[in-house]
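Worksheet for the structure shown next.
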Amino acid sequence: MAIVERPLALPEGDLPEIENPLGAFSRPHKETGIKDWLTTVDHKKIGIMYGTASIFFMMIGGVAALLIRIQLATPDSNFLSADAYNQLYTMHGTVMIFLVVMPIGAAFANYLLPLQVGARDVAFPRINAFSFWCFFLGGLMLNTSWFLGGGPDGGWFNYAPNNGVAYSPSNGIDFWNVGLLITGIASLSGAINLITTVLNMRAPGMDLMKMPIFVWMTLVTQFLLLFAIPIITTAQVLLLMDRLFGANFFNVEQGADPLLWQHLFWIFGHPEVYLMILPAFGIVSEVIPAFARKPIFGYPFMVFSGVAIGFMGFGVWAHHMFVPGMGPLSVSAFAVATMFIAVPTGVKILNWVATLWGGKLILNTAMLFSIGLITQFTVGGLSGVSHALAPSDTQQTDTYYIVAHFHYVLFGGALFGFMAGFYFWWPKAFGYILNEAWGKWNFWVMVVGFNLTFGPMHILGLQGMPRRIHTYDAAMGFNLWNLVATIGSMILAVGVLLFVVNALVSLRDWKNAGRPNPGPDPWDARTIEWSIQSPAPEHNFDYDPQIVSVDDWWYQKYAEDETGRLRKVAHGADIAQPGNGEGVHLPAPSYWPILLAASLPLLGYGLIFSLWLTIPGGFLLVVSMFGWALEPADDLDLAHDHDDHDDHDDHDDQDDHESIVETASAEDTALVGDAPSPGDTA
Amino acid sequence: MSVSLTPTTSLTPTTKIRKGRNFVRRLPLGPTGALASLALLVSACAEDKPLNTFEPRGPKAQGIYDLMTPIWIIMIVVFVVVVGGTLVLTVIGRVKPEDYDENDLPKQVHGHTVAELAWTIAPAILLAGVSFPMVSAIWDLERDNKPGELDVMVIGQQWYWEYRYDVDGDGFFEDVDGDGELYGIEGDGDQDDKEWPLNLALDDDDLSVPNQLVIPAGQQVDLTLTSRDVVHSFWIPRLNGKRDTVPGRLTFWSIDADKPGEYNGACGEFCGLSHARMRMSVVALPEAEFDQWLKNQMSLSEVPEEPAQGQDPSPERAGYEVFASQCARCHVVNNSDSALQELYPKDFEADLLSGAAPDLTKFATRSVFAGAIFSQYSGIDPDDDNLDVTNYLQLAGTERLNEALLTRWIKNAPEEKAMYPEGRRGMPAFPGLSDTDVENLVAYLATLD
């Protein structure tokens with residue numbers, strides 16, 4: 001085959017006129033309101049949608065958690081039936097892992113990653129939108145199981161053969177399969193997108209070892225997703241075949257081995273744990289230096305320990321399987337490997353502590369949540385060591401000790417880190433600072449509620465309370481600490497709600513105060529997302545930032561004087577990019593990501609209820625793929641000039657173009673974290 | 001429902017029921033050491049906490065406990081240093097917003113390679129040190145099958161445990177003449193020919209006991225574990241850690257009780273609807289008592305006599321007939337009792353997914369039923385010191401049977417314990433049985449000692 005060389009550049013002169021093949025195959029115009037959100041390919045809007053959807057799902061998972069805690073508050077309780085309890089605990093775990101912690105990580109990755117590497121968007125903006133809609137619609141589909149015959153009841157780990165039709169005859173586990181297959185597509189396509197973005201789209205001068213640690217941790221996370229998700233996908237397809245088409249992958253009567261599922265699940269499941277925590281590690285690695293006023297201690301160690309965790313995370317899965325009888329050699333190997341993963345994790349903790357050491361700590365809400373992560377994750381890490389020791393694990397596995405352990409890691413760790421991230425980057429995303437007084441209430445109520453809920457579970461577990469039981473006898477002696485945990489969970493729920501309240505109160509106060517702009521760099525922070533205006537302009541950067549060092553933005557503002565001490569040489573507001581974005585070319589929105597994503601749940605319902613339903617689903621799938629492929633590269637009715645659309649776009653973020661300049665000096669007061677929000681309530 | 005049934009417990013009289021009294025008062029009040037607090041918190045009122053993992057009562061559990069003792073101390077030291085250090089640094093490094101001067105930055109330390117290498121290598125060495133005793137402990141926990149030790153097969157199914165004793169010592173827990181391939185104690189039967197569910201027809205010379213595992217105290221009992229349906233996990237915290245029972249596989253484990261007593265357990269792996277209601281009761285007896293128990297178990301329960309011509313049958317006989325017509329569809333008495341067979345010829349294969357319902361031979365000798373969640377006895381004063389395991393067999397009998405609870409159970413078992421009889425998992429309700437029928441049935445069951 002002859003190789004035809006084509007010039008990469010666009011042809012000179014006027015662009016050839018492209019006709020719209022069909023009306024539907026044109027790109028949507030810059031829209032406003034709901035249609036804008038449905039068709040957007042802007043990574044920032046997609047990031048915000050990830051965050052909003054995650055918080056929506058968190059309410060579902062949280063209500064499930066509270067119902068579980070009410071049931072367990074007293075012995076022999078009849079508040080929930082065993083069946084309802086099993087559905088609730090299964091969905092609590094599934095929702096919180098797949099639809100809350102993972103996508104909040106994706107929210108931060110989407111919003112921040114292009115901003116931190118100095119890019120205009122992710123590498124594949126339409127795929128990015130497709131990822132979000134797959135996640136959201138797949139998650140919604142999973143939750144429709146509540147109304148369509150009952151939720152899945154096999155646990156989030158869903159062990160074979162209890163996940164077979166004989167033992168779980170409702171459609172719940174089918175919803176679990178299909179819903180998570182769809183969100184898996186979201187994770188996979190998102191991973192490839194973000195990896196490409198990091199590797200190919202960094203600003204000039206940004207070597208890998210000059211990337212912010214959040215970018216590093218997100219990159220490791222995306223590689224973990226890339227290699228872990230296909231394994232759960234495989235397992236779920238096998239299970240789907242078993243359940244819907246009578247295959248025998250997990251049918252013991254036909255000679256299947258139930259440990260196959262356990263291995264497949266945990267080869268995915270353990271990297272999963274690390275890919276949930278690493279984005280939070282990245283977040284606090286940005287927040288702590290910003291408010292300790294000194295650089296992260298040991299940047300290379302922080303990076304390589306994160307990478308090491310990523311690699312080792314794939315070699316420890318069978319520590320979830322110390323009791324099914326793998327044999328002492330396998331158990332020993334995995335136990336030793338598991339203990340050693342504590343080493344890079346410990347390095348991270350000690351480096352954060354060393355960053356705090358000698359710092360001038362500004363204890364605002366973001367910083368408090370970061371310190372909450374350090375301390376609470378340490379507890380979770382230590383309890384992890386205690387059941388890395390396999391003999392000890394035979395007493396601890398499947399007890400509440402494990403429940404305590406992973407909630408300290410994932411709630412006390414990951415979610416506290418995400419809360420820090422919300423408080424830290426909120427002004428960058430929304431143009432107003434969250435109220436500090438409400439924020440401190442938010443933090444302290446959460447800390448008290450969290451430790452009161454999950455601290456006692458250590459004791460319960462060591463006293464022998466098994467997990468996943470819908471009730472217990474009074475004579476087992478679990479009454480007191482269960483009641484304490486239930487009270488704690490109510491306090492914790494209030495704490496989480498305070499965050500939502502804070503977001504609304506701060507928004508109201510900000511509007512009442514005439515929408516003051518926090519300026520590009522309200523925290524006097526370190527990385528280049530603070531070198532652009534707040535909220536981040538649609539096109540991110542007016543021009544490519546030139547990166548010289550780690551924490552490049554910091555060193556644009558601070559330089560050493562003759563004594564070698566750092567001195568402020570410029571104010572962020574003065575040297576930030578103005579956000580005018582002349583002549584910027586942005587990807588046009590598209591209908592097809594959401595339509596393509598919508599075809600997948602349709603196919604899923606078809607698999608579960610009637611194969612006839614797959615016809616419209618398949619039709620939509622094919623049409624959407626062709627539409628995606630054939631739609632023009634741009635909205636033909638729009639010139640490429642960014643400013644052109646201002647006159648038919650009255651969206652909020654345009655309102656502030658003038659006010660940015662006026663209020664940029666708000667920076668200094670905001671730096672210390674006491675946002676000038678009128679009407680502090682506490 | 002079950003709330004009104006007071007003895008919703010698998011505790012026999014030996015385990016005194018104290019329902020958490022004095023618990024709060026026993027919490028450490030002064031600033032005692034963190035380890036003491038933890039140990040106290042966990043083991044406070046240990047007798048109230050039959051599943052406590054900090055109260056080893058046998059060498060296996062003791063081995064785990066001993067391995068962990070130094071680990072707990074290390075963990076607490078690390079916790080205090082790291083968390084305490086973080087909080088101290090936070091407090092001393094704190095700058096009030098009004099005192100903050102952006103030109104008076106703290107010392108800009110970018111790292112310290114030696115320190116970082118130190119806190120990478122030091123924990124690695126510490127963990128390497130820990131891994132030696134750990135690996136040794138892993139091997140110690142593996143079952144080392146010595147001749148002369150009691151061999152028991154543990155079979156999990158939704159939602160109770162069956163225990164099979166290789167009484168005739170032929171090395172098999174099943175009827176050697178049955179169809180299909182067999183599993184020996186070592187699990188070395190021909191795996192290729194295996195049929196599933198296991199061909200577990202009981203050998204007449206062996207013994208099957210549901211719900212309550214009776215063992216001789218002071219010696220190791222070797223367990224061979226499997227499951228008839230889903231994965232379960234066998235766990236007696238005071239005697240050893242847990243080991244899963246996996247359908248299609250055999251796993252091996254052992255338990256060992258230093259002293260006579262009752263040791264409770266709970267299924268450790270989620271096994272469906274009534275996972276919470278799948279428990280274990282292990283009774284360790286002095287050796288002589290155990291032999292007596294075994295002898296009794298191996299004898300047949302009496303069949304109530306047929307009434308003389310023209311006379312009404314005794315309640316026990318009437319109950320026997322109800323049993324034959326209703327219960328024998330799933331339950332076995334006297335291992336394929338020929339009298340039962342004559343009365344109602346049936347294949348004794350339970351109409352259940354797992355293929356097995358509890359064997360009710362010697363029903364009245366056990367102190368628990370329904371997956372070891374209910375006490376079979378009533379009217380027992382838990383503080384009566386005369387009632388301990390050495391009286392185990394004497395406890396059995398009509399006068400102590402918890403008739404009220406048993407009656408409720410027979411009438412509507414799913415009401416007392418979540419089950420799924422319509423999916424052939426668990427015991428159905430019997431609305432068709434009259435009160436007299438159930439009364440007679442209970443009378444018959446009481447004779448099974």
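For the record, the sequence lines run as chains B and L.
Going by the working numbering, the first sequence opens with residue 1, and the numbers climb by one from there.
Going by the working numbering, the second sequence opens with residue 1, and the numbers climb by one from there.
All C-beta atoms in this analysis are idealised placements derived from N, C-alpha and C, irrespective of residue type, glycine included.
So is residue i in contact with chain L if we call contact Cβ pairs under 8 Å?
{"i": "Asn451/B", "result": "no"}
{"i": "Arg243/B", "result": "no"}
{"i": "Ser145/B", "result": "no"}
{"i": "Asn177/B", "result": "no"}
{"i": "Trp37/B", "result": "no"}
{"i": "Pro587/B", "result": "no"}
{"i": "Asp83/B", "result": "yes"}
{"i": "Ser590/B", "result": "no"}
{"i": "Tyr167/B", "result": "yes"}
{"i": "Val448/B", "result": "no"}
Check whether chain B comes within 8 Å of residue i, counting only Cβ atoms and requiring the distance to be less than that.
{"i": "Ser367/L", "result": "no"}
{"i": "Ala124/L", "result": "yes"}
{"i": "Pro106/L", "result": "yes"}
{"i": "Leu127/L", "result": "yes"}
{"i": "Thr224/L", "result": "no"}
{"i": "Phe323/L", "result": "no"}
{"i": "Ser233/L", "result": "yes"}
{"i": "Gly189/L", "result": "Reliability of the predicted coordinates at Gly189/L is poor, the pLDDT of 48 falling under 50, and the value obtained from them is presented with this limitation in mind. No, because no Cβ of chain B sits closer than 8 Å to the Cβ of Gly189/L."}
{"i": "Cys271/L", "result": "yes"}
{"i": "Tyr163/L", "result": "no"}
Counting only Cβ pairs nearer than 7 Å, list the residues of chain L close to residue i.
{"i": "Gln683/B", "result": "For chain B, the structure presents residues 1 to 682; residue 683/B sits outside this window and is missing."}
{"i": "Asp542/B", "result": "Residues of chain L passing the Cβ test: none, with the nearest at roughly 26 Å."}
{"i": "Ile349/B", "result": "Val82"}
{"i": "Ala342/B", "result": "Pro123, Leu127"}
Can you tell me which of the three DSSP states residue i falls into?
{"i": "Phe234/L", "result": "strand"}
{"i": "Ile155/L", "result": "strand"}
{"i": "Glu306/L", "result": "coil"}
{"i": "Leu225/L", "result": "strand"}
{"i": "Val41/B", "result": "coil"}
{"i": "Asp203/L", "result": "coil"}
{"i": "Ile215/L", "result": "strand"}
{"i": "Met280/L", "result": "strand"}
{"i": "Lys348/B", "result": "helix"}
{"i": "Phe374/L", "result": "strand"}
{"i": "Thr361/L", "result": "coil"}
{"i": "Lys568/B", "result": "strand"}
{"i": "Pro428/L", "result": "coil"}
What in chain L is Cβ-close to residue i, meaning under 8 Å?
{"i": "Tyr472/B", "result": "Ala276"}
Residues of chain B with CB under 7 Å from residue i, in chain order?
{"i": "Asn440/L", "result": "Within chain B, no residue comes near Asn440/L; the closest Cβ sits about 30 Å away, beyond 7 Å."}
Which chain D residues are close to residue i, counting only those with a beta carbon under 8 Å from its beta carbon?
{"i": "Phe79/L", "result": "The structure shown contains no chain D; its protein chains are B and L."}
Between the options, which has its C-alpha nearest residue i's C-alpha?
{"i": "Asn52/L", "options": "Gly519/B, Met465/B, Pro518/B", "result": "Met465/B"}
{"i": "Pro304/L", "options": "Asn440/L, Phe290/L, Val83/L", "result": "Asn440/L"}
{"i": "Val135/L", "options": "Gly564/B, Ala337/B, Ile615/B", "result": "Ala337/B"}
{"i": "Cys134/B", "options": "Tyr299/B, Pro516/B, Phe108/B, Ile46/B", "result": "Ile46/B"}
{"i": "Met321/B", "options": "Asn78/B, Asn248/B, Ser170/B, Gln262/B", "result": "Gln262/B"}
{"i": "Phe297/B", "options": "Ile55/B, Ser332/B, Ala354/B", "result": "Ala354/B"}
### Query
Which whole runs of the alpha helix (DSSP H) in the region 100-153 of chain L are 4 residues long or more, in chain order?
113-141
### Task
Could you pull out every unbroken alpha helix (DSSP H) segment of at least 4 residues lying fully inside the region 378-422 of chain B, listed in chain order?
390-396, 400-409
### Message
Which complete alpha helix (DSSP H) runs does the region 251-277 of chain L hold, if anything under 4 residues is left out?
### Response
none
### Minimum length 4: unbroken alpha helix (DSSP H) runs contained in the region 464-535 of chain B
479-512
### Task
Jot down the residue ranges of each uninterrupted beta strand (DSSP E) in the region 259-318 of chain B, minimum 3 residues, whole runs only, in chain order.
Runs of the beta strand (DSSP E) inside the region 259-318 of chain B: none found.
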